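In my numbering, the protein residues as written are 43 to 320.
And the structure:
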């Protein structure tokens, strides 16, 4: 018989136990969408996480992840989120800390050595500083990279790109060349009528070849589909017909066939020897 998937423990009593363990270090606690999130003081984040790890009844032994979030409208725009797992209770917990690009967050490498790599990721992508991290270097971006890619005021493509030049036999840095400039993208929909000219639209202003069908514009299509006006003359819509051959001009001599309309001298030069009939 197939064993059912393991279920996480209930959130009942977790916030009360965290309030009792953290005391004044806990700034806010909420249970939303089935997850418990604790907001703690940045200065005392190491003490708070140590209490969550060592307090009986909580016992969040493992640090699974450290994530960064950017809220540019806030005074302290960055949040550092610690994702904890209790193996004994089969329960997960999130701890949130707020900061900016100048105030460092105390490092938790003394509690979990794996935090060294995780803090480097947050620093590299968001620019959050971690005080006490002995090796706070970039870990995902290139050497000499400037800026932090996951800030919402920074283009994800960056400003420079690195590649190996076969001609120069070395690694070179060059400005990023994009077919479409994402930094100044105006988010206008071409289907709703953009103000700029899209590639290929210039063909509509060029004269068409002789004999080519003129494309009908929207106004012409609208008029063709519209029903006839109620007060329109019905005779104007009838097909033009003729009742007798006299109305068609059949049997009448063409004006150009009269002798007086013939040129006196031919415009074709006569061949040497009197022409082809000689």
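Virtual Cβ for every residue (Gly too), placed ideally from N, Cα, C. Treat the numbers as computed from the prediction; the structure is a model and nothing was measured.
Contact under 8 Å by Cβ, residue i with residue j
i           : j           : result
residue 153 : residue 191 : no
residue 146 : residue 171 : yes
residue 82  : residue 68  : yes
residue 121 : residue 111 : yes
residue 72  : residue 79  : yes
residue 139 : residue 84  : yes
residue 179 : residue 187 : no
residue 142 : residue 115 : no
Environment of residue i [buried if 16+ CB atoms lie within 10 Å]
i           : result
residue 161 : buried
residue 157 : buried
residue 60  : buried
residue 126 : buried
residue 94  : buried
residue 87  : buried
residue 320 : Here residue 320 scores only 46 on pLDDT, less than 50, and its place in the model should not be relied on; the value that follows carries that caveat. Result: exposed.
residue 207 : exposed
residue 52  : exposed
residue 102 : buried
residue 176 : exposed
residue 182 : exposed
residue 318 : Caution is warranted here: a pLDDT of 49 is assigned to residue 318, below 50, making its placement in the model unreliable, and no coordinate value can be reported.
residue 90  : buried
residue 169 : buried
Cross-strand partners of residue i (DSSP beta bridge)
i           : result
residue 107 : 125
residue 70  : 81
residue 143 : Paired residues: none, contrary to the question.
residue 120 : 112, 141
residue 135 : 126
residue 148 : 173
Cβ-Cβ separation, residue j to residue i (assumed contact under 8 Å), whole Å
i           : j           : result
residue 108 : residue 56  : The Cβ separation is near 21 Å, so there is no contact.
residue 214 : residue 200 : At roughly 15 Å, the Cβ-Cβ gap does not stay under 8 Å, so residue 214 and residue 200 are not in contact.
residue 173 : residue 148 : 5 Å
residue 104 : residue 135 : Not really, about 11 Å apart at Cβ, beyond 8 Å.
(message) Suppose only complete runs of 4+ residues qualify. What are the alpha helix (DSSP H) ranges in the segment 151 to 218, listed by chain order?
(response) 157 to 168
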